[in-house]
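Here the structure is laid out as structure tokens; the discussion comes afterwards.
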Amino acid sequence: MEAELVTLAAAGATALVQQMATDGWTAARDRMVAFFARRGSATPASVEEELDTVRAELVAAQRDEDEQLVADVQAEWRTRLRRALAADPAAAAELRSLLDELAPAAPAPQHVTTVHNTVNGGVVHDTLIQTGSIGRVDLRGGGSRGGAGSAPA
């Protein structure tokens with residue numbers, strides 16, 4: 006079997022096992038049921054029942070810190086996916102699409118600003134603020150507790 010399909014099967018099994026422990030499990034299960042049902046390897050009801058049974062075992066294994074069972078579940082589904090891909094190499098596109106849907110959204114890039122201040126002349130006897138963004142600052146000692154024009158606390 007092509008190395009790319011072996012890698013894809015491993016990624017699919019990893020994603021499936023990870024999804025079993027999340028709130029998004031139902032959607033992931035339904036997509037995996039459809040994937041296997043289209044391959045004709047089992048009925049949708051039997052795949053769904055098996056996935057739900059394995060999920061219950063996996064949740065218990067994670068609670069009991071049984072890493073071997075978690076690894077066994079992942080190996081089992083890696084093998085099943087590898088067999089499905091070997092029988093139908095065109096299924097690779099569907100599995101890639103499924104993995105793209107299951108992948109967590111990438112975090113938004115953060116804007117980083119460098120601020121450099123230099124204080125000359127020794128001791129500073131006043132307020133000195135270094136920041137990239139300031140919402141509201143009350144330098145009279147009232148902090149951000151009061152509204153504009155409120156008396157210091």
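Under the numbering used here, the residues of the sequence shown are numbered 6 to 158, in order. Ideal Cβ placement from N, Cα and C applies to all residues, glycine included.
Note to self: Would A47 and F40 be called neighbours here (beta carbons separated by less than 8 Å)?
What the structure shows: As a working note, residue 47 is residue 42 in the sequence shown. As a working note, residue 40 is residue 35 in the sequence shown. Cβ atoms of A47 and F40: not closer than 8 Å.
Notebook entry, point to check: Three-state secondary structure (DSSP) at D131?
Noted result: Position 126 of the sequence shown holds residue 131. The DSSP-derived three-state label of D131 is coil.
Next item on the list: Use the C-beta contact count for V64: other C-beta atoms within 10 angstroms, 16 or more gives buried, fewer gives exposed.
Entry: Start at 1 with the first residue of the sequence shown, and residue 64 comes out as number 59. V64 is exposed by the Cβ-count criterion.
Checklist line | Local Cβ density within 10 Å of R83, reported as buried at 16 or more and exposed below that | finding: Along the sequence shown, read from residue 1 onward, the residue named residue 83 stands at position 78. By the 10 Å Cβ count, R83 comes out buried.
Item checked: L100 versus P49, A20 and E7, residue with shortest Cα-Cα distance -> Taking the first residue of the sequence shown as 1, we reach residue 100 at position 95. Selected option, being the one with the closest Cα: A20.
Check: Would you call the CB atoms of A18 and Q79 closer than 8 Å?
Finding: Here residue 18 corresponds to residue number 13 of the sequence shown, with the count starting at 1. Here residue 79 corresponds to residue number 74 of the sequence shown, with the count starting at 1. At the C-beta level, A18 and Q79 come within 8 Å of one another.
Note to self: Please state the DSSP three-state secondary structure of V124.
What the structure shows: The residue given as residue 124 occupies position 119 in the sequence shown. Taken through DSSP and simplified to helix, strand or coil, V124 comes out as coil.
Checklist line | Inter-residue CB distance, R44 and A14 (contact presumed, cutoff 8 Å) | finding: In the sequence shown, the residue the question calls residue 44 occupies position 39. In the sequence shown, the residue the question calls residue 14 occupies position 9. At roughly 13 Å, the Cβ-Cβ gap does not stay under 8 Å, so R44 and A14 are not in contact.
Check: Are there 16 or more other CB atoms within 10 angstroms of the CB of A76, so buried, or fewer, so exposed?
Finding: Indexing the sequence shown from 1 puts residue 76 at position 71. By the neighbour-count definition (other C-beta atoms within 10 Å, threshold 16), A76 is an exposed residue.
Notebook entry, point to check: If we ignore side chains and look at the alpha-carbon of each, how far apart do Q23 and G29 end up?
Noted result: Along the sequence shown, read from residue 1 onward, the residue named residue 23 stands at position 18. Along the sequence shown, read from residue 1 onward, the residue named residue 29 stands at position 24. So the two alpha carbons sit approximately 10 Å from each other.
Checklist line | Whether M25 touches R68 by CB criterion (8 Å) | finding: In the sequence shown, the residue the question calls residue 25 occupies position 20. In the sequence shown, the residue the question calls residue 68 occupies position 63. Going by C-beta atoms, M25 is not nearer than 8 Å to R68.
Notebook entry, point to check: Is it true that the CB of E53 sits closer than 8 Å to the CB of V38?
Noted result: Walking along the sequence shown from the start, residue 38 turns up at place 33. Walking along the sequence shown from the start, residue 53 turns up at place 48. Yes, Cβ-Cβ distance for V38 and E53 is below 8 Å.
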